[in-house]
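Student: Count the sequence shown with the numbering used here and you get residues 38 to 266, in order.
Cβ atoms here follow ideal geometry from the backbone N, Cα and C, with glycine treated the same way.
Note that the coordinates shown come from a computational prediction; the quantities given were computed from them, not determined experimentally.
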Amino acid sequence: MRFDILTIFPGMLEGPFSESILRRARERGLLDIRVHDLRRWAASPHYRVDDVPYGGGAGMVFKPEPIFAAVEELAGQLPRPWVVLLSPQGRRLDQALARELLGRERLLLICGRYEGVDERVREHLVNEEISIGDFVLSGGELAAAVIVDAVGRLVPGVLGDPSSAEQDSFSDGLLDHPHYTRPAVFRGWTVPDTLLSGHHAIIEAWRQKEAVRATRRKRPDLLNTTKHG
Ligand code: 9D3
Numbered sequence: 038m039r040f041d042i043l044t045i046f047p048g049m050l051e052g053p054f055s056e057s058i059l060r061r062a063r064e065r066g067l068l069d070i071r072v073h074d075l076r077r078w079a080a081s082p083h084y085r086v087d088d089v090p091y092g093g094g095a096g097m098v099f100k101p102e103p104i105f106a107a108v109e110e111l112a113g114q115l116p117r118p119w120v121v122l123l124s125p126q127g128r129r130l131d132q133a134l135a136r137e138l139l140g141r142e143r144l145l146l147i148c149g150r151y152e153g154v155d156e157r158v159r160e161h162l163v164n165e166e167i168s169i170g171d172f173v174l175s176g177g178e179l180a181a182a183v184i185v186d187a188v189g190r191l192v193p194g195v196l197g198d199p200s201s202a203e204q205d206s207f208s209d210g211l212l213d214h215p216h217y218t219r220p221a222v223f224r225g226w227t228v229p230d231t232l233l234s235g236h237h238a239i240i241e242a243w244r245q246k247e248a249v250r251a252t253r254r255k256r257p258d259l260l261n262t263t264k265h266g
């Protein structure tokens, strides 16, 4: 799957795609992640990407021309990307949306900044506007990294074990059960006997029960369905 990211701070996006799972997936050719500096499409000699808002007021607004030029150049290649604007006004990201985005062969993510983006970008260029949650970020860069991570790990082969993605919290609508590793006694605190019993079916039942319990306690909003018993 291919991701193009349009930003004025490409350096913010180097780290997240160069470590761990995403790095390996890129090396294996499963993910093609390209970060583009929006200034490349700004007009010389000043390479301005923003300007003062019509009507007055504080802050700056992204000009339409560099964004249109960039998207038109990048989207000229096939398959045509689904164009996403990261902004606080967007649809909230959740696992269902991550799966929808996985279905779009190619994503072009535009990182907003400052007070906003000229409305004509939204009206005539953007297919979908997405927020990663109800909190204020300094810009769309970290949100773009979140989307690439959440969608990229769903691409077949990116996770070593294909059952991992299905077992995730939110895939079955439950939080994770508790995990333990050695030693069996640490500072006098023990591991539940069930996990040491070696009885696979009993362990599975314990994990399911604990997952429901953790969800009821920490995220009761996730339990409004009948499937968990
Ligand atoms: C003046 C009102 N603010 C809107 C709530 C202005 C504003 C704040 C922060 C405009 C842009 C931003 C930068 N944030 C993003 O670009 C952003 C974002 C976010 O702040 N939270 C969650 N998801 C996202 S996706 C992009």
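Which full runs of the beta strand (DSSP E) of 3+ residues lie inside the stretch 46–132, going along the chain?
Tutor: Runs of the beta strand (DSSP E) inside the stretch 46–132: 69–74, 119–129.
Student: Could you work out which residue in His83, Lys100, Ala79 is closest to Val89 when comparing CA atoms only?
Tutor: As a first step, residue 89 is located in the sequence shown; it is residue number 52 there, counting from the start. Measuring from the Cα of Val89, the nearest candidate turns out to be Lys100.
Student: Just checking my contact of Leu75 with Val195 at CB under 8 Å: how many whole Å lie between their CB atoms?
Tutor: Taking the sequence shown and counting its residues from 1, the one referred to as residue 75 is at position 38. Taking the sequence shown and counting its residues from 1, the one referred to as residue 195 is at position 158. Incorrect: roughly 28 Å between the Cβ atoms, too far for contact.
Student: Since I believe Arg141 is in contact with Ser168 (beta carbons under 8 Å), could you give me their beta-carbon distance rounded to a whole number of angstroms?
Tutor: Taking the first residue of the sequence shown as 1, we reach residue 168 at position 131. Taking the first residue of the sequence shown as 1, we reach residue 141 at position 104. Not confirmed; about 18 Å, so no contact.
Student: Check whether the stretch 79–96 and the stretch 108–116 are in contact - that is, three or more C-beta pairs closer than 8 Å.
Tutor: Contact fails: fewer than three Cβ-Cβ distances are below 8 Å.
Student: Please find out if some non-hydrogen atom of the ligand 9D3 comes closer than 7 Å to the beta-carbon of Pro125.
Tutor: Counting from 1 along the sequence shown, the entry for residue 125 is found at position 88. Pro125 Cβ: within cutoff of the ligand 9D3.
Student: Looking at the ligand 9D3, does it come within less than 7 Å of Val86, judged from the CB to the closest heavy atom?
Tutor: Working through the sequence shown from its first residue, we reach residue 86 at position 49. False, no ligand heavy atom lies under 7 Å from that Cβ.
Student: So, are the CB atoms of Val98 and Glu152 less than 8 Å apart?
Tutor: Sequence index remark: in the sequence shown, residue 98 carries index 61 (1-based). Sequence index remark: in the sequence shown, residue 152 carries index 115 (1-based). In contact: Val98 and Glu152 (Cβ atoms closer than 8 Å).
Student: Can you tell me the Cα-Cα spacing of Gly149 and Gly170, whole angstroms?
Tutor: Numbered from 1 along the sequence shown, position 112 holds the residue referred to as residue 149. Numbered from 1 along the sequence shown, position 133 holds the residue referred to as residue 170. Those two C-alpha atoms are separated by around 15 Å.
Student: Determine the closest residue to Arg39 out of Glu51, Ile45, Arg85, Pro118, with distance taken between C-alpha atoms.
Tutor: On the sequence shown, residue 39 is found 2 positions in, with the first residue counted as 1. Of Glu51, Ile45, Arg85, Pro118, the residue nearest in Cα terms is Pro118.
Student: For the stretch 233–251 against the stretch 181–189, are there 3 or more C-beta pairs whose distance is under 8 Å?
Tutor: No, because fewer than three Cβ pairs between the stretch 233–251 and the stretch 181–189 fall closer than 8 Å, the two stretches do not touch.
Student: Look up Phe223 in the DSSP assignment and give the residues it is bridged to.
Tutor: In the sequence shown, the residue the question calls residue 223 occupies position 186. The partner list for Phe223 (beta bridge, DSSP) reads Trp226.
Student: Can you tell me where the beta strand (DSSP E) with Asp41 in it begins and where it stops?
Tutor: Looking up residue 41 in the sequence shown gives position 4. Its beta strand (DSSP E) spans residues 39–44.
Student: Quick check on DSSP: helix, strand or coil for Ser234?
Tutor: One-based indexing of the sequence shown puts residue 234 at position 197. Reduced to three states, the DSSP call for Ser234 is coil.
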